[in-house]
Each structure stands twice: as structure tokens, then as C-alpha cells.
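**Q**
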Amino acid sequence: MPGSPAEPAPRRLRRGGPWWTYALTGPLLLFLLASFIGPVMMMLSRGVTNPELPEAWPQTAAALRQWEGGSPPPDSTARSLATEIDASARAGTLSRVANRLNYDVVGSRSLVYRTAAQLRQGAAVASFADLVRIDGRWQDRQIWAAMRHAATPATSFYLWAALDRRVDADGAIAPVAPAQAVFVDILLRTFTISAVVALLCALLGYPLAYFLATIPRRRANLMLILVLLPFWTSALVRTTAWVVLLQREGVVNNLLLSIGLIDAPLALIYNRLGVYIAMTHVLLPFLVLPLYGVMKGIGRDEMRAASSLGASPLRAFLRVYFPQTLPGLSAGMIIIFTLSLGYYITPAIVGGGADQMVSGSIAFYTNQSLNWGMAAALSLLLMLPLAMMVFAGRYLTRAVPA
Amino acid sequence: MRLNRREWMAGALTASLLGASGCRGGASERPLTIVGWGGSSQEAHRHAYWESFTRTTGIPLQEDSWHGGLGIIRTKVLGGDTSWDIVQVETEDLILGCEEGLFEPLEWSSLGGRESFIPTAVHDCGVGAMLWSYLIGYDGDRIGGEGPRNWADFWDRARFPGRRGMRRTPKYSLEIALMADGVPTTQVYTTLRSPTGIERAFAKLEALKPDVIWWSSISQVPDLLGSGEVAMSVTSPGRLIVANRTERRNFKVSWDGNIYAVDYWVILRNSPHKSEAQQLIRYMTRPENQMRLPQFIPTGLTNRRAQELIDPRLRLDTPSDPRNMTNALELDANFWVEYGDQLTQRFNAWLSR
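Chains H and X, in that order, give the protein sequences. Sequential numbering of the first sequence, starting at 2, is according to the working numbering. Sequential numbering of the second sequence, starting at -19, is according to the working numbering.
Here's what the structure looks like:
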């Protein structure tokens, strides 16, 4: 963690050595650039770029950029569209542009493919009316608006879609139909779950870290291994273990039923509660470790001094001890919040329908539907608060009271 | 030792060249690599084909597994990663991947011609590896007597109390809802292509929603059924029947109105082992070899002759047996390629409410 108290001032004094000491990090930087930063940037750029239509249908794209929209497109545009659909179908490049249009107006894919098949069989297109004769859907303003929006090199289409908005045929930005609006909800839910998990980890982890910091080093080491144990188990196994414990006829419910605390099994899993329990368990070590490190560095004498000066134990804790643990606490909570944002396998297994997180949607668009533009736009929206957290983290961890 | 700039640059360059050439050397020397779906399915393929292929041809084989998703293949082919040769893919992946040129066209003449296979199993870029289905599964120890017979029974919580397991995707769920609502199998996708049909499917799902546990991985289903978490579930029969054979469970399945699809073998466009890959696919789809697969996993076969050769006792458990095909619905992958994004978005919005 930059600027944390574990990195004392002497480091700064060492700055400005011979130039080649920096060059030693060159291979690492190159490696990071080539294997991480470059690919991530390339992927994210797909959220704002629009290469499909201009690449497959260059002349149509140029014509569409000239056209103002509104009235039916000129016959020359229809002609060049037909020529280029046919050419790209023969060249095998029709797929990406057909899918790109389908993201905007569902059904465009089959429209483009059907038109291509008709053209291959010899249908001639001299005018807009000919195109409509091949398939009546070419009359629809929506499809032409979608094509016009897809003809520019850069686009805000995916970002708006990730905010449940779309640019309609008149160029205005409007909310999508209520039945389709989902991403704002999922994004807010992702932040809520991450924040609650970070808070739960803090509530559970703080006493634990304090306990570890007060017992003798040998016993503390043993206990730390127990804390770390979940790290060495696969996330899937840990999550599945929670299923066994929390399900209807699971260990917890049976125990509570047998001692008569409850009359009917509680719904502990396949809902938000299950997500909080499983994620808090998985992420707890990330809070305990930094906090333990900070607490180990706090001298006992300061608390004794506070008591001898007349502070009650609570007051001594709140005024003297707690502020000194803040860097460790905030570092741990930020790590947990950040890691939580990317979770989706755990919610997928122990959550219900309304507990899925945004990474699940990103994985769907990346792997299943190959809509990488949408995946990139959602990732961009996820990264904004992440960047804010990182900066907040730098500030918080630095703010050590004197 | 102090390095000057030129020495350092030369060193870095040499190191990176060595690294790059090392990678390339490794890729061409690695054995033919085949990628399956892991778990009991992968094991079955290993016993049925892969072990004997290496034994008879001497061609070493390396295995990998995946959980589907064409994105991985697109990344590999676009990024120049040549670590996979043959992959088992689902129909949507086959359609999109073939259109994008991610797969190598197959030499059908060497596979015995297109007519040796069931029509669904034949595609320019892929040949059917097996036929699988989604249907109703339940635990015979918990539902005694007559169990659910069709999707209408799946909705009937008066006769069959308890919760239901369904896959957390609009795919399968919407088709099932329409069948439960009385739409004949021949009309399911025509209905779904209209806005009113989609409304109808969601309305039917709405009725069951409070009692549904949505699973995300098929491996959850035996546990959900076995622990009584759900009374019945949408499932593929394979894992349940394997559990009956190996763990003496009493899972039962009801085939009426099952949704079936074929998984395909494809060769990746950038495979460095294309001829060996073609040879392995030829080996796996020959009738005398393919007929061995149902011994290890109850799955339907794609080679017509292999279907005739299956042991009659095993055939009862395979989706391709005619008795299991009443009211069966073939998954329309083209529908899902076109409507998948929109309906998944709507489905997730609906789940959140």
C-alpha cells in the first residue's frame, strides 16, 4: 500500500540513484504493458468503438454518415448496401456487422442474412423499394437509424445501453422499456453487496485481529494459519461447503430445529443472506491480515498512558487505539470492496435471482454472446468507482493521526 | 558489474527473443490437444475414445476441459494462442464461431459422408459428438407412486408440493414455460418470436417464480434433488443416471417434452495439428467407436449406424431412443443467437423484481 506506515521515510532518500536502476524495472514494465495493460485497454476500447459496419460495408457507411435520417434513405444507399451485403456474405465477413446491428434492433441479424441469401439467388436491387420487396422489414425506420449509428467510428451506444438508455430513431436519448431495464439495478446492487460485505468483514475481523495481536506470537502464528486456511481451498469448494451447511435440510437448520429454536427451516441460502455469509467468509482474511500488521505495531504503553491520565477504557480505545488502526482497517475494507466488485461465481451458487452481480453479466457478454462492446461498457462503468476507491484509499491510509 | 545502455538493451532483446522462440517451440511440440466439458462427460469420452485412439495410432493426446463460451475460443484464435486443437462446442458456439471463421471446415467425405449422421449433427464446421437433453428429474425416494410426467405437472404444486429447480437462463426456461402452458412443440419457437409469445412465457414463469430455486451449474442438480431442497428440477439425465448406477440413488427422469440439442466437435482455425485432429474426429465418429460412449454416460449418438449398435438395455437411457422422443423439442440455436442478449437482459430484469 503506497504511503502506508510500513514504508518509512528512508525510501524517499534513496530516490535518484544511477539511471540504470530504473532500467532494471524495464522488463517488468514491458511485460506488464504487453500482457496486461495493452490487452485491457484494447478490450475496454471496444466499449466506445464501432468498427463492424465501416469495415464490412465501407461505402454504405460513408453514405449513411452523409444521410440526415428522417426520410427513407436514397436509392443509391440502398444499392450500395445490397452490393456490400452480397460481397461481405461471399467474403464471410457478414457475421460481425449482422450481430452488431442485432444488438441495437433485435431481428436485424436474420434480416441481413435473409437479404444476403436472396441477393445470392439473383435478386436485383436498384432502389429502396427493391430492398423492401426482398424483406418488408427494411421499411422500418429503426433499422436504418441503427445502421446510421453503427456507421460512425466511435459510439456511445454501449455506454448508454449499460445505463438502460438508448438513442432512438430521432436521435434522442430515452430510457429502454421498463421490462428491459436491468443494468443500473445490477450495478447499484453490486456496489451495495460489496459495501455490506466490507462492513461485515470489518465487524467480524476487527475483534479477531485485536485478539491475535494481543496473544503471544507463537499462538498468534498458529491462529493466523487458521485464518489463512480458507485461502488455500478453492473458492468453489468453500462455496459448496456453505450450501451443505445452510440449505433447508442442512446442518444449521437441523441444529436449530432440534434444539427447538425454530419451528420451520429458515431460508438461509439462495437469497441475499447466503451471498453475504459466503462472501464474508471468503474475504475475511483480507481484512484480518493488514489490520493485524498495523495492530502489532501499536505499543501497549500508549494505552497505559491514556489510562494513567484518567481516560476510561472505552475512551482510551476510541481516542488512542482505534485511530491508529484506521490505516489497516481502511486498507482491508478497500481491498475487500474492490475484490467483491468482481465476484460472480459465489453469488451464482448461493444467491437467488435478484442477487446476481455485474461481473456475471460481463462474463455472459464476453463468453456466451460475444457482445464484447457491451462487456467493455459494463467494465468501464465498474471501473469508475474502483478508481475512486483507490484514490480514497491512498488518502485514507496516509491519514495517520500524529 | 555495470551495464551500459547498449549492453542492457542487447540483453533485454536477447531475453525477449529467447522467450518468444521458447513459446513457439513449445506450441508445435505439444501433443494433439482435445477439450471436453470436464467431469463425468470428459471421463466417458476418455474411456470410450481417447485411450484406445492413442493405443491404436500411437498419437499422444493431451486433454483440457472448459465450461463453454465462445469468447475463450475467440480470444485464443485472435490472440494467436494455439494451445487447443479440437473442442466440443454447443450449437450457438458452432454457428457464431463458424461465421466468424474461428473453426476449420471439416472434410465430410473422410467422415463417411453427411448422410451417415442424423441431420442435426451435420454442419460445415462441426460434426455431432453427442445428443443431450433437458428434462424433468426427481428423487424417486421422495416422490413415491406416479411422478410428474410433463411440464404441466412441473407447474402443479397441488399434486407435487415442494420447490422446483430451474436453470438461471431464459434459454430452456421460456420454452418450458410455453410447453407447460399448452403450446405444442412445433409452435414453441414461432410463439417465442412474437412479443405476445414472450409475454405469455414470462406470465407462465411468474406463476411458478416464488417456488423456483435457480441453479447456475448442472452439477448442483443432484445435490438439490438429493437434499430435498427442490422436489423436482430441470436437468440433463446424464448425471442422475450415473448417480443411480454408481451411488445407488433412485433418481427418476421424465422424458416427455424434453428439449434436446447436439454438441459438436470442431477444429480450431489456428490448430497446428489439423490432419491429426481430423483423424481423431474420424475415429470418434465411426459407428463401432461411437457406440461405446453410452456405456460410460447415457447420451444420444449422432452416427445412424452407431445408434443401431447400442446395447438395448443402455439405449433406454439415451435421449436418442425413439421412446424418449415423444413431444421432444429441438433447441433452436438460431433463435438464441438472435434473441439471446435481449431475452437474457429481460430475464435478469424479471428475476430482480
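For each residue, glycine too, the CB sits at the ideal point set by N, CA and C.
In the region 238 to 253 of chain H, which residues sit with their C-beta less than 9 Å from some C-beta in chain X, listed in chain order?
**A** T241, V244, V245, Q248, R249, E250 and G251
**Q** Using 9 Å as the limit for Cβ to Cβ distance, is X/I193 near chain H?
**A** Taking the second sequence and counting its residues from 1, one reaches residue 193 of chain X at position 213. It does; some Cβ of chain H falls within 9 Å.
**Q** Hey, quick one: how far does the beta strand (DSSP E) through X/E43 stretch, first residue to last?
**A** Your numbering for residue 43 of chain X matches position 63 in the second sequence. L41 to S45 is the extent of the beta strand (DSSP E) around X/E43.
**Q** Whole-angstrom Cβ separation of X/V14 and X/I66, contact assumed at under 8 Å?
**A** Position 34 of the second sequence, counted from the start, is the residue given in the question as residue 14 of chain X. Position 86 of the second sequence, counted from the start, is the residue given in the question as residue 66 of chain X. The sequence given here has Ile at residue 14 of chain X, not Val. At roughly 5 Å, the Cβ-Cβ gap stays under 8 Å, so X/I14 and X/I66 are in contact.
**Q** Determine the chain X residues that contact H/A349 at a beta-carbon separation under 8 Å, and present them in chain order.
**A** Here the question's residue 349 of chain H lines up with position 348 in the first sequence. Ordered by position in chain X, the residues that pass the 8 Å Cβ test against H/A349 are R148, S196 and S197.
**Q** Rounded to the nearest angstrom, how far is the Cβ of X/Q325 from that of H/Q181, given a contact under 8 Å?
**A** The residue given as residue 325 of chain X occupies position 345 in the second sequence. The residue given as residue 181 of chain H occupies position 180 in the first sequence. That pair is a contact at about 6 Å.
**Q** Where X/G218 and X/D301 are concerned, what is the direct C-alpha to C-alpha distance, given to the nearest angstrom?
**A** Locating residue 218 of chain X in the second sequence gives position 238, where the first residue counts as 1. Locating residue 301 of chain X in the second sequence gives position 321, where the first residue counts as 1. One C-alpha to the other measures close to 14 Å.
**Q** What's the gap between the Cα of X/I98 and the Cα of X/T71?
**A** Indexing the second sequence from 1 puts residue 98 of chain X at position 118. Indexing the second sequence from 1 puts residue 71 of chain X at position 91. Going by the C-alpha atoms only, they are around 15 Å apart.
**Q** Who are X/L309's beta bridge partners in DSSP?
**A** Locating residue 309 of chain X in the second sequence gives position 329, counting from the first residue. In the DSSP output, where bridge partners are listed per residue, X/L309 has X/I239.
**Q** Mind checking if X/S213 is an interface residue toward chain H, Cβ cutoff 9 Å exclusive?
**A** Position 233 of the second sequence, counted from the first residue, corresponds to residue 213 of chain X. Chain H contact via Cβ: absent.
**Q** Find the nearest neighbour of H/V407 within the set H/G206, H/I270 and H/S46, judged by alpha-carbon distance.
**A** Here chain H has residues from 2 to 403 only, and residue 407 of chain H is not among them.
**Q** With burial defined as no fewer than 16 other Cβ atoms inside 10 Å of the residue's Cβ, what is the status of H/R101: buried or exposed?
**A** Position 100 of the first sequence holds residue 101 of chain H. H/R101 is buried by the Cβ-count criterion.
**Q** Mapping the DSSP letters down to three states, classify H/Y211 as helix, strand or coil.
**A** For the purposes of this step, residue 211 of chain H is identified with residue 210 of the first sequence, where counting begins at 1. Note: H/Y211 maps to helix in three-state DSSP.
**Q** Quick check: what's the CA-CA separation for X/R129 versus X/S174?
**A** Taking the second sequence and counting its residues from 1, the one referred to as residue 129 of chain X is at position 149. Taking the second sequence and counting its residues from 1, the one referred to as residue 174 of chain X is at position 194. One C-alpha to the other measures close to 28 Å.
**Q** Mind checking which residues open and close the beta strand (DSSP E) that includes H/Y322?
**A** Reading the first sequence from its first residue, position 321 is the one you call residue 322 of chain H. Neither: H/Y322 is in no beta strand (DSSP E) and is coded neither H nor E.
**Q** By DSSP, does H/A175 sit in helix, in strand, or in coil?
**A** Here residue 175 of chain H refers to the residue found at position 174 when the first sequence is read from its first residue. Strand, per DSSP.
**Q** Cβ of H/V183 less than 9 Å from any chain X Cβ?
**A** Here residue 183 of chain H refers to the residue found at position 182 of the first sequence. Closer than 9 Å to some Cβ of chain X, the Cβ of H/V183 qualifies, so yes.
**Q** By the three-class DSSP mapping on this structure, what secondary structure does X/W195 have?
**A** Position 215 of the second sequence holds residue 195 of chain X. Here X/W195 carries a strand assignment [DSSP, helix/strand/coil].
**Q** Are the C-beta of X/T62 and some C-beta of chain H separated by less than 9 Å?
**A** To locate residue 62 of chain X, count along the second sequence from 1; it is residue 82. Chain H, which has no Cβ nearer than 9 Å to the Cβ of X/T62, makes this no.
**Q** Quick one: using the 10 Å Cβ neighbour count with 16 as the cut-off for buried, is H/I278 buried or exposed?
**A** Counting from 1 along the first sequence, the entry for residue 278 of chain H is found at position 277. The residue is buried, with at least 16 neighbouring Cβ atoms inside 10 Å.
**Q** Select from the region 102 to 130 of chain X all residues with a C-beta closer than 8 Å to any C-beta belonging to chain H, and list them in chain order.
**A** none
**Q** Can you round the beta-carbon distance between X/I239 and X/Y114 to whole angstroms, since I take them to be within the 8 Å contact cut?
**A** As a working mapping, residue 239 of chain X is identified with position 259 in the second sequence. As a working mapping, residue 114 of chain X is identified with position 134 in the second sequence. Rounded, the Cβ-Cβ distance is 5 Å, consistent with contact.
**Q** Alpha carbon to alpha carbon, what distance is there between H/T234 and H/L205?
**A** Taking the first sequence and counting its residues from 1, one reaches residue 205 of chain H at position 204. Taking the first sequence and counting its residues from 1, one reaches residue 234 of chain H at position 233. H/L205 and H/T234 have their C-alpha atoms roughly 21 Å apart.
**Q** The beta strand (DSSP E) that contains H/G39, what's its start and end?
**A** Residue numbering aside, residue 39 of chain H sits at position 38 when the first sequence is read from its first letter. Counting along the chain, H/G39 falls outside any beta strand (DSSP E), though it belongs to the alpha helix (DSSP H) covering G39 to S46.
**Q** Counting C-beta neighbours from all protein chains within 10 Å, is the total for X/E155 16 or more, i.e. buried, or is it exposed?
**A** Mapped onto the second sequence, residue 155 of chain X falls at position 175. It is buried - the Cβ of X/E155 has at least 16 other Cβ atoms within 10 Å.
**Q** With C-beta atoms as the reference, is H/A152 less than 9 Å away from H/A378?
**A** The residue you call residue 152 of chain H lines up with position 151 of the first sequence. The residue you call residue 378 of chain H lines up with position 377 of the first sequence. Cβ atoms of H/A152 and H/A378: not closer than 9 Å.
**Q** Specify, as a first and last residue, the run of the beta strand (DSSP E) that X/I277 falls within.
**A** On the second sequence, position 297 is the one that residue 277 of chain X refers to. Note, X/I277: premise wrong, no beta strand (DSSP E); not H, not E.
**Q** Within 9 Å of any Cβ in chain X, is that where the Cβ of H/A373 sits?
**A** Indexing the first sequence from 1 puts residue 373 of chain H at position 372. The amino acid occupying residue 373 of chain H in the given sequence is Trp; Ala does not appear at that position. Yes, contact with chain X.
**Q** For H/A124, does the three-state DSSP call read helix, strand or coil?
**A** Numbered from 1 along the first sequence, position 123 holds the residue referred to as residue 124 of chain H. H/A124: coil per DSSP, three-state reduction.
**Q** Using a Cβ distance threshold of 8 Å, determine whether the region 87 to 104 of chain X contacts the region 223 to 238 of chain X, with at least three qualifying pairs required.
**A** No: the two stretches stay apart, fewer than three of their Cβ pairs being nearer than 8 Å.
**Q** Go through the region 203 to 261 of chain X residue by residue and report every complete run of the beta strand (DSSP E) that reaches 3 residues or more, in order.
**A** 212 to 215 and 231 to 247
**Q** Going along the region 361 to 393 of chain H in order, which residues come within less than 9 Å of chain X, judged by CB to CB distance?
**A** G361, S362, A364, F365, Y366, T367, N368, Q369, S370, L371, N372, W373, M375 and A376
**Q** Can you list, in chain order, the stretches of the beta strand (DSSP E) that have 3 or more residues and sit fully within the region 269 to 323 of chain H?
**A** Runs of the beta strand (DSSP E) inside the region 269 to 323 of chain H: none found.
**Q** Counting only the same chain and skipping the five closest in sequence on each side, list residues whose C-beta sits under 7 Å from that of X/P85.
**A** If you number the second sequence from 1, residue 85 of chain X lands on position 105. Contacts found: D104 and C105.
**Q** Less than 7 Å between C-beta atoms, sequence neighbours within five positions excluded: which residues of the same chain meet that for H/A210?
**A** Your numbering for residue 210 of chain H matches position 209 in the first sequence. So the qualifying residues of the chain are V289, L292, Y293 and M296.
**Q** Should the region 235 to 252 of chain H be called in touch with the region 346 to 353 of chain H, which here means at least 3 C-beta pairs below 8 Å?
**A** At 8 Å Cβ cutoff, the stretches touch.
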